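*Asks:* Take 88 as the starting number for the sequence shown in our numbering and just add one per residue. Where is the CB? At the ideal position from N, CA and C, for every residue including glycine. Since the model is a prediction, treat every value here as computed from it, not as a measurement. Submitted below is the structure of interest, expressed as C-alpha cells.
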Amino acid sequence: MARKFFVGGNFKMNGTKESIKAIVKNLNEAQLDPNVEVVIAPPALYLQLAVDSLTKEGVAVSAQNVYDKPNGAFTGEISVSQLKDSGVHWTILGHSERRTLLGESDEFVASKSKYAIDNGISVIWCCGESLQEREAGQTIAVIEKQLAALAAKLTPEDWKSVVIAYEPIWAIGTGKVATVEQAQEVHEAIRKWLAANVNQTVADETRILYGGSVNAKNCKDLAKQQDIDGFLVGGASLKPEFVDIINSNQ
C-alpha cells in the first residue's frame, strides 16, 4: 500500500534564535512536495519559536526527547503535556546518541514511547547498530532486539503513531552512508519482523525512514527503494539542501 513519504529534520544541539528563524523562513517560502510529511526537531529551548514561526502546511514540529511521567519533580525533563501545550505533537525517541551517551536502554525507550503515544504524542522511534555489530554480522539481531522491546509495550493500534527511523550508528555524522543495498536490506528486514511479530497491516502501514549522513546527493537513490519511506536528517536539515531532501521522492 502507499505510505506517505516522511522527512524529519533533527537539529540536535544546534541553533540560535536567528538560525532557527532562518531555517523556518526557508521552509515557509520553499516549494515543497505536498505529498511529503515534514517534521523539524529543534532543541527544546526553541520549540515554541519554531511552532510560532511555521506557516507552511504539512510541516510540523517535534521534540528531541520526552519523559515517561506526568509533570512533577523530574529536573531537566520535559513532559508530554508541556509539549502538547506548546503545539508540539511529535517526539524523537531512542536516538543512538541518547542510547550510547546517556545509557537509555531498549526498555526505557519503549516505556517513553508508550507513554507518549497513550497521551497523544506521535513518535519517531530510532534504531541502529554500531560498526562493531555490523562487522560481526549482528545488524539484524540488534535491530530485532530493539524492536522486540518496543513491541512488548505497544498494542497493534499504537503503531499508527510510530514512524521508525533506521540509523546505523557508524553512519551518523561521519559522512559515511549505508549503501542503497545495505539500507534497503535492513528496512526490508524490519518490515518482515513487523509482519511476523505484530501483524501484516502494521508492517504494510508503518513508515520506515533512513538516517545517517543523508544529503542532497544521496537522497534520490535511497528514496527509490521499496521499503525506504523517507529520511531522518541530521546536519543537512540545518542547510538549504534540506528542501532538496524533502523533494527527493518527486
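What runs of the beta strand (DSSP E), each 3 residues or longer, lie entirely inside the region 278-321?
*Replies:* Taking only runs of at least 3 residues, the beta strand (DSSP E) segments lying wholly in the region 278-321 are 295-297, 317-320.
*Asks:* From the DSSP output, in three-state form, read off I251 for me.
*Replies:* As a working mapping, residue 251 is identified with position 164 in the sequence shown. Here I251 sits in strand by DSSP.
*Asks:* From H182 to C213, what distance separates their C-alpha atoms?
*Replies:* As a working mapping, residue 182 is identified with position 95 in the sequence shown. As a working mapping, residue 213 is identified with position 126 in the sequence shown. Answer to the nearest angstrom: the Cα atoms are 5 Å apart.
*Asks:* Only counting runs of 4 or more residues, tell me where the alpha helix (DSSP H) segments fall wholly within the region 188-267, in order along the chain.
*Replies:* Fully enclosed alpha helix (DSSP H) runs of 4 or longer: 193-205, 218-222, 226-238.
*Asks:* Enumerated in chain order, which unbroken segments of the beta strand (DSSP E) with a length of 3 residues or greater are wholly contained in the region 104-178?
*Replies:* The qualifying runs are 123-128, 146-150.
*Asks:* Quick check: the Cα distance between I332 and L325, rounded to an integer number of angstroms?
*Replies:* The count along the sequence shown starts at 1 and reaches residue 332 at position 245. The count along the sequence shown starts at 1 and reaches residue 325 at position 238. Distance between the alpha carbons of I332 and L325: 12 Å.
*Asks:* Given this structure, state the Cα-to-Cα distance separating V273 from Q313, to the nearest angstrom.
*Replies:* By 1-based counting over the sequence shown, the position of residue 273 is 186. By 1-based counting over the sequence shown, the position of residue 313 is 226. So the two alpha carbons sit approximately 12 Å from each other.
*Asks:* Would V175 and V148 qualify as a contact pair, given that the criterion is a beta-carbon distance under 8 Å?
*Replies:* Here residue 175 refers to the residue found at position 88 of the sequence shown. Here residue 148 refers to the residue found at position 61 of the sequence shown. Yes, the pair counts as a contact, with Cβ atoms nearer than the cut-off.
*Asks:* Take the Cβ of K247 as the centre, count every other Cβ of all protein chains shown within 10 Å, and call the residue buried at 16 or more, exposed below.
*Replies:* Residue 247 sits at position 160 when you count from the first residue of the sequence shown. By the neighbour-count rule (16 or more Cβ atoms within 10 Å), K247 is not buried but exposed.
*Asks:* Return the residue from the list Y154, V125, S173 that minimises the CA-CA distance to L136.
*Replies:* Position 49 of the sequence shown, counted from the start, is the residue given in the question as residue 136. It is S173.
*Asks:* Please classify F329: does DSSP put it in a helix, a strand, or coil?
*Replies:* Residue 329 sits at position 242 when you count from the first residue of the sequence shown. Here F329 sits in helix by DSSP.
*Asks:* Please go through the same chain and pick out, in chain order, the residues whose beta-carbon is closer than 6 Å to the beta-carbon of E191, but skip the five residues on each side of it.
*Replies:* One-based indexing of the sequence shown puts residue 191 at position 104. R185.
*Asks:* Where does Q233 land, buried or exposed, given buried means 16+ other C-beta within 10 angstroms?
*Replies:* One-based indexing of the sequence shown puts residue 233 at position 146. Answer is buried; the Cβ neighbour count reaches 16.
*Asks:* Between N101 and Q151, which are expected to be in contact by the criterion C-beta below 8 Å, what is the C-beta distance as a whole number of angstroms?
*Replies:* Indexing the sequence shown from 1 puts residue 101 at position 14. Indexing the sequence shown from 1 puts residue 151 at position 64. Not confirmed; about 11 Å, so no contact.
*Asks:* Let me know if G207 comes out buried or exposed under the rule of 16 or more other beta-carbons within 10 Å of its beta-carbon.
*Replies:* For the purposes of this step, residue 207 is identified with residue 120 of the sequence shown, where counting begins at 1. Burial call: exposed.
*Asks:* Only counting the same chain, and skipping five residues up and downstream in sequence, which positions put a Cβ closer than 6 Å to that of C306?
*Replies:* Walking along the sequence shown from the start, residue 306 turns up at place 219. Same-chain partners within the cutoff: I332, S335.
*Asks:* Compute the Euclidean distance between the alpha carbons of L114 and G262, then round it to the nearest angstrom.
*Replies:* Taking the sequence shown and counting its residues from 1, the one referred to as residue 114 is at position 27. Taking the sequence shown and counting its residues from 1, the one referred to as residue 262 is at position 175. Their backbone Cα atoms lie some 24 Å apart in a straight line.
*Asks:* For the candidate residues A270, A258, T293, whose alpha-carbon lies nearest to that of A238?
*Replies:* Counting from 1 along the sequence shown, the entry for residue 238 is found at position 151. Among A270, A258, T293, the Cα nearest to that of A238 belongs to T293.
*Asks:* Under 8 Å between the Cβ atoms of V210 and S198?
*Replies:* Numbered from its first residue, the sequence shown carries residue 210 at position 123. Numbered from its first residue, the sequence shown carries residue 198 at position 111. It is not a contact, given that the beta carbons lie outside the stated cut-off.
*Asks:* What residues match up with N97 in a beta bridge as DSSP calls it?
*Replies:* On the sequence shown, residue 97 is found 10 positions in, with the first residue counted as 1. N97 pairs with A128.
*Asks:* Are the beta-carbon atoms of I107 and P121 separated by less than 8 Å?
*Replies:* Position 20 of the sequence shown, counted from the start, is the residue given in the question as residue 107. Position 34 of the sequence shown, counted from the start, is the residue given in the question as residue 121. No, they are not a contact pair.
*Asks:* Identify which residue in V249, G224, T178 has its Cα closest to the Cα of K99.
*Replies:* Taking the sequence shown and counting its residues from 1, the one referred to as residue 99 is at position 12. Selected option, being the one with the closest Cα: T178.
*Asks:* Thinking C-alpha only, which one of A270, D291, V264, N284 is nearest K304?
*Replies:* Taking the sequence shown and counting its residues from 1, the one referred to as residue 304 is at position 217. Checked all of A270, D291, V264, N284; the closest Cα to K304 is V264.
*Asks:* Thinking just about the alpha-carbon of each residue, which of T242, A323, A270 is nearest to the one in G260?
*Replies:* Taking the first residue of the sequence shown as position 1, residue 260 is located at position 173. Taking only the C-alpha atoms, the option nearest G260 is A323.
*Asks:* Near F329, which residues of its chain fall below 7 Å by C-beta distance, leaving aside the five closest residues on each side in sequence?
*Replies:* Taking the first residue of the sequence shown as position 1, residue 329 is located at position 242. The answer, listed in chain order, is G96, V320, A323.
*Asks:* Only counting the same chain, and skipping five residues up and downstream in sequence, which positions put a Cβ closer than 6 Å to that of K91?
*Replies:* Within the sequence shown, numbered from 1, the residue matching residue 91 stands at position 4. So the list reads E124, once near-sequence residues are dropped.
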